[in-house]
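Participant: Numbering (UniProt numbering), first residue to last: 1 to 128.
Each residue gets a CB set at the ideal place from its N, CA and C atoms; glycine is no exception.
This structure is in structure tokens; I'll ask about it shortly.
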Amino acid sequence: MGSSGSNPQDTTIFSFVQYIFDFSTRESNQSTFLLFFLFFAFSGLAISIGFKSGLFNIGVSGQMTFPAVIFFVIIIALRMDIKNISFEFLLGMFFVFIMMGMLVGLISGVLKAFFNVHEVISTIFLNW
């Protein structure tokens with residue numbers, strides 16, 4: 001709110017929400033907003049599958065971080081130019097990202113199914 005230029009005493013919760021929408025719809029911020037929206041939308045979809053199956057998974061940050069590290073290791077190992085990455089490569093890496101996130105979630109599921117380890121504890125440990 002400080003960067004909006006309005007007096008803090010004259011603002012309400014509605015002016016805060018209006019500022020958020022104005023900020024996200026500016027031409028210069030649209031790509032960043034879309035990037036964050038997609039990132040958290042896919043994260044929400046990924047964790048909702050676990051919730052639907054009855055597994056209380058709070059390890060979504062670990063499921064996002066591990067595939068991201070693998071993705072950047074592949075980019076560095078192939079010495080790719082970031083500005084010239086093809087759509088086919090990104091699509092392939094998207095599926096690699098899904099598989100690596102599934103692998104991290106599978107660890108917690110196997111620990112719960114075969115060793116009766118509580119899923120909250122195992123997903124917290126997988127985050128670190």
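1) For Asp81 and Ile75, what's the separation of their Cα atoms in angstroms?
2) Would you tell me roughly how many angstroms separate the C-alpha atoms of Leu34 and Phe94, rounded to the nearest one?
3) Look up Phe56 in the DSSP assignment and say whether it is helix, strand or coil.
4) Please report how far the alpha carbon of Phe87 lies from the alpha carbon of Asn116, in whole angstroms.
5) Can at least three beta-carbon pairs, one atom from the region 61-70 and one from the region 21-31, be found at a separation below 8 Å?
6) Ordered along the chain, which non-local residues of its own chain (more than five positions away) have a Cβ less than 7 Å from that of Ser43?
7) Jot down the residue ranges of each uninterrupted alpha helix (DSSP H) in the region 32-94, minimum 4 residues, whole runs only, in chain order.
8) With DSSP run on the structure shown, which of helix, strand or coil describes Val17?
Facilitator: Looking at the coordinates:
1) 8 Å
2) 17 Å
3) coil
4) 42 Å
5) no
6) Val60, Met64
7) Here the runs fully enclosed are 60-77.
8) helix
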